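A short worksheet on the structure shown next.
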Amino acid sequence: MDKQNRQVKDKLFSFSLMLIAASIAYFSYSLMSVSRQIPAILDQVSLVSQQIDRTSHNIEPILNTVPDILNTVPDILKTIDNTTNSIPPILEESAKIREVVPGVLGEVEAVRQTLPVILERVDRLQQQVAALQKDIPKILKTVNGVSAAVNETNQRVDKIIPLVPQVLSEVDKTRVAIPNYLTRVEKIVENTKGISEEAGKGAVTGFFKGIVATPFELLKGTEHRLRSSLKNQSLLTEEDFQLVYESSTRLLQGDNQQATSWRNPLTGNEGKLTVLKSYQYNGEECKTIQMLFKTKNGSEDSTNKDICKNSDGQWKAVD
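For reference, each letter of the sequence shown is one residue, going 215 to 533 in this note's numbering.
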């Protein structure tokens, strides 16, 4: 019995030794396999170590900016609080705007309803303008006819001038009638300008020149000298000086008239002519006229001019 037990134990011991030997062999094989992978593992460890180093370098700037970020957080929170506080007033204003919108829409609707009436009036105005444009040739023809008649009158006056001593009484009567004549002409010119200012400009200017030349050649040929005596001559136009000539004519036609004014609505310039004194020189009636010029920029300038009436009854500028 003991012998059999011993044999069994010996067999078990031998089997255990075989298992231990197999385990040692497998362990040795596993160690060999692991030892083969150690270089790759070391390479991975090296890469991980490098990545950790790079990450640590990047973390330091981030850590340096963290305090600044933390310092800005209160301002951000304050801005958020302000924004939050402003929302109720905005909502209140929006509610008020919504209440006003119906009234605005009503006004828009009212405007839309009036548009047809406005457009109808515009159409009527366009028709009236078209009718006026059709009448412009007739008006220009009439003005040209008046200008031609004035030119013819000038020619006749030139023939009569040698006989002036015999017709002085008639000239005096003509002087009395000319102011009313000029008033009517100015009204015609104003109406003509209202219809077609540019189209009738040349004819009207010629008309006035014809009147001024008969029988007074006031300041004729002195425009250059008159301009050169003014500081603001560049701001004055030919139309301005034409108005000056016409005003001087009116001033000298009135026996007791001491001043007259003029204004050019196109340039904005204006002025005033004033008789400073009247005197006799070489047997001729003479006057000193002060010419005041005020340009559209507000600057003022003045010059004095002496004029005398010659034996032909014409006023001439004295050099």
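From the three backbone atoms N, C-alpha and C, an ideal C-beta is built for every residue, glycine too.
All of these numbers come straight from a predicted model, not from anything done at the bench.
The three-state secondary structure of Gly482, taken from DSSP, is coil. DSSP places Ser475 outside any alpha helix (DSSP H); the residue lies instead in the beta strand (DSSP E), whose first and last residues are 473 to 477. Of all alpha-carbon atoms in Leu457, Thr463, Ser448, the one lying nearest the alpha-carbon of Pro479 is that of Leu457.
Counting along the chain, Gln504 sits inside the beta strand (DSSP E) bounded by residues 498 to 508. In chain order, Lys510 place their CB closer than 6 angstroms to the CB of Gly482, counting only its own chain and leaving out the 5 sequence neighbours on each side. The bridge partners DSSP lists for Ser492 are Lys501. Boundaries of the alpha helix (DSSP H) around Thr463: 452 to 467. In this chain, the beta strand (DSSP E) harbouring Ser516 covers 514 to 523. Contact check for Leu444 against Ile521 fails: the beta carbons are separated by 9 angstroms or more. In terms of Cβ geometry, Lys523 and Glu498 form a close pair [threshold 9 angstroms]. Per DSSP, the unbroken beta strand (DSSP E) holding Lys530 starts and ends at 529 to 531. Of the residues Tyr493, Ile503, Arg477, Asn496, the one whose Cα lies closest to the Cα of Leu487 is Ile503. The three-state reading of DSSP puts Leu487 in strand, counting E and B together. Shown here, Asn278 sits in a helix according to DSSP, grouped into three states. Each residue's CA atom was taken as its position, placing Thr517 and Gln447 some 12 angstroms apart.
Assigned with DSSP and collapsed to three states, Asp337 falls in helix. Measuring C-alpha to C-alpha distances from Leu449 to each of Val336, Phe507, Ser475, Leu319 identifies Phe507 as the nearest. Counting the other Cβ atoms within 10 Å of the Cβ of Gly320 gives fewer than 16, which makes it exposed. Approximately 5 angstroms separates the beta-carbon atoms of Lys501 and Ser492; this is inside 8 angstroms, confirming the contact.
At least 9 angstroms separates the beta-carbon of Asp526 from that of Gly485. Counting only residues of its own chain and dropping the five nearest sequence neighbours on each side, Trp476 has a CB closer than 6 angstroms to the CB of Leu457, Ser461, Gly485.
Rounded to whole angstroms, the gap between the alpha carbons of Val262 and Ser237 is 35 angstroms. If you draw a straight line from the Cα of Pro303 to the Cα of Val343, it is about 55 angstroms long. If you draw a straight line from the Cα of Pro281 to the Cα of Ile301, it is about 31 angstroms long. With a 10 Å radius around the Cβ and a threshold of 16 neighbouring Cβ atoms, Ser361 comes out buried.
A direct Cα-to-Cα measurement between Phe229 and Gln258 gives close to 43 angstroms.
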